[in-house]
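Numbering (my numbering), first residue to last: 27 to 421. Note that CB positions come from ideal geometry on N, CA and C, so glycine has one too.
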Amino acid sequence: MRIYADNAATTKMSRASIDATLKCMEEDYGNPSSLYSIGQEAKELLEQARKDIAAVINAEPREILFTSGGSEADNQAIRSAAEIGKKNGKRHIISTAFEHHAILHTLKKMESEGFEVTLLDVHEDGLVRLEELEEAIREDTCLVTIMFANNEIGTVQPIREIGEICKRHGVLFHTDAVQAVAHLPIDVKADNIDMLSSSAHKYHGPKGIGFLYARKGIRLTNLIEGGAQERGKRAGTENVAAVLGMAAALKETAGNMQANIEHMSAMRDRLIKGLQEIPHSALNGDAKKRLPGNVNFCFEGIEGESLLLMLDDRGICASSGSACTSGSLDPSHVLLAIGRVHDVAHGSLRLTIGEDITEEEVDYIIKNVKEVVEYLRGFSPVWRDLMSGKAKFIL
Ligand SMILES: *Cc1c(COP(=O)(O)O)cnc(C)c1O
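Now the structure itself:
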């Protein structure tokens, strides 16, 4: 059996998305800026895709700016809000400690450019507290940027309420919704969202394409100078094929949203229940206020990497919170932000299931994780110390 359970990292392109992308590459290859018909046809397809995408989040087509993905959208949102803030003498930004690095690293950059950043606590359950947000807002706050759903532990924030608070205080609200778009209902107007980032490869579209929603009236700052594409806010010939692939993927995945949520939540809960039987383990993040496809556990006494590699041998693709494989020995900043100590955070496992996961596959995952955790603990010196009482169990 082979089970892809790393859909938070990326998803497989859907047939509809591949077909839309290929058709454009083969037939609609014109440059949307060209005036002859083949260019104008490409332009029309691009604008139709913009309409289709806008409709899914209740935005207007002109509020959608195509980008190279989620990271670019995050960068542009923060830079734009900062530029607006600076003009009004406001140099304070509020975010959370467990954002994606596209946010956190951009905020670091803004600090070096004279901005002050407050990172809200996300507590043990991986959720911000509205009172704490309200307390953190100051006269000089120009932006609140809080992710819709976390990519590691899947917790979903009270977005509408956060947006309401920001609106009341006259502060711009951006949300990195890369994990939420197409998977959870989003209405940018009802949810009081001023800016939102999305990426196609997280909902069965192509990689390297995404969009930034920016409410009418918000002046965006260019990251790329050049031609007048995207209302002059993002130069460069549009990646029409990828945009069409993104629109097709979004329409399809969002179109099946309710059924997907029901099925995946049931499979997620079955997986959680099964893994909770492993002694000295703990679910990371709130059990219910989380993405329908996200399961994230810590197992005491083991290394996430070993677990990951052994599961791969058994046909299961998963992910681990710690970043040893990427050359750093630091455990996940997300797990540290919810208060997991280093040793425990190192033994983490993220399983992000897809829409078509079956009960049989869930049971196969449970059985194999149980076996591998037990096997690894069998020769773990840390586990030996815990069992002999030399060290104390945390979980
Ligand atoms: C994947 C992801 C990103 C980055 O998106 P790219 O399109 O890969 O640049 C940003 N934020 C979150 C929450 C993500 O999951």
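So, are the CB atoms of residue i and residue j less than 8 Å apart?
i	j	result
Gly330	Met272	no
Gly180	Asn322	yes
Ser332	Ser358	no
Arg296	Ile379	no
Val207	Ile298	no
Glu73	Pro87	yes
Ala85	Tyr239	yes
Val182	Arg316	yes
Gly111	Leu159	no
Thr37	His227	yes
Thr122	Val148	yes
Ser106	Thr201	no
Ile104	Ala162	no
Leu421	Glu326	yes
Ala75	Gly56	no
Leu276	Cys50	no
Asp411	Val266	no
Ser399	Leu337	Ser is not the amino acid found at residue 399; the sequence shown has Val there. Against a cut-off of 8 Å, the Cβ pair of Leu337 and Val399 comes out as no contact.
Leu362	Ser346	no
Val204	Gly96	yes
Leu156	Ile191	yes
Residue i: buried (16+ other C-beta within 10 angstroms of its C-beta) or exposed?
i	result
Thr351	Model confidence at Thr351 stands at a pLDDT of 48, short of 50, so the residue's coordinates are unreliable and nothing is read from them.
Ser414	exposed
Lys422	As shown, the chain starts at 27 and ends at 421. That puts residue 422 outside it, with no answer to give.
Thr171	buried
Met290	buried
Ala46	buried
Gln284	exposed
Phe419	exposed
Ser43	buried
Ala216	exposed
Ala371	buried
Tyr30	buried
Lys113	exposed
Met136	buried
Ala268	buried
Met27	exposed
Ser138	exposed
His306	buried
Asn33	buried
Mind checking whether the beta-carbon of residue i lies closer than 7 Å to any heavy atom of ligand 1?
i	result
Ala275	no
Lys193	no
Gly96	yes
His126	yes
Val82	no
Asp78	no
Gly341	no
Gln205	yes
His227	yes
Met173	yes
Gly236	yes
Ala216	no
Asn25	It is not possible to answer for residue 25, since the shown part of the chain is limited to 27 through 421.
Asp202	yes
Asn177	yes
Ala417	no
Asp100	yes
Ala103	no
Ala363	no
From this set, the options, which residue's C-alpha is nearest residue i's C-alpha?
i	options	result
Leu91	Pro305, Lys259, His306	Lys259
Ala308	Leu337, Asp151, Asp339	Asp151
Glu125	Val395, Ile364, Lys69	Ile364
Gly236	Leu337, Asp100, Ala280, Lys393	Asp100
Ile392	Ala344, Leu153, Met173, Asn177	Ala344
Ile79	Asn320, Lys396, Ile212, Gly300	Ile212
Arg245	Tyr55, Cys192, Leu198	Leu198
His118	Ala254, Asp166, Ser224, Glu52	Asp166
Pro407	Ile328, Pro305, Val388	Ile328
Asp339	Glu397, Pro305, Ile185, Glu187	Glu397
Ala35	Glu387, Arg186, Arg376, Glu386	Arg376
Glu386	Ala292, Trp409, Val360	Ala292
Arg194	Val214, Met173, Asn218, Ser223	Asn218
Arg257	Leu48, Leu153, Lys314, Ser59	Ser59
Is any heavy atom in ligand 2 found nearer than 7 Å to the beta carbon of residue i?
i	result
Ala254	Ligand 2 is not among the ligands present in this structure, which contains only ligand 1.
Can you list, in chain order, the stretches of the beta strand (DSSP E) that have 3 or more residues and sit fully within the segment 283-309? Within the segment 283-309, the runs of beta strand (DSSP E) that reach at least 3 residues and sit entirely inside it are, in chain order, 307-309.
In chain order, each alpha helix (DSSP H) run of at least 4 residues that lies wholly inside the segment 327-398: Those alpha helix (DSSP H) runs which fall completely within the segment 327-398 and span 4+ residues are 330-339, 359-363, 368-371.
Extract the residue ranges of the alpha helix (DSSP H) inside the segment 58-94, only unbroken runs of 4 or more that lie entirely within it. 63-82
At what residue ranges does the segment 94-134 contain a whole run of the beta strand (DSSP E), taking only runs of 3 or more? Correct list: 118-122.
List, from N- to C-terminal side, the alpha helix (DSSP H) runs of 4 residues or more that fit wholly inside the segment 140-176. 156-162
Whole beta strand (DSSP E) elements within the segment 194-269, 3-residue minimum: 198-202, 221-225, 236-240, all fully within the segment 194-269.
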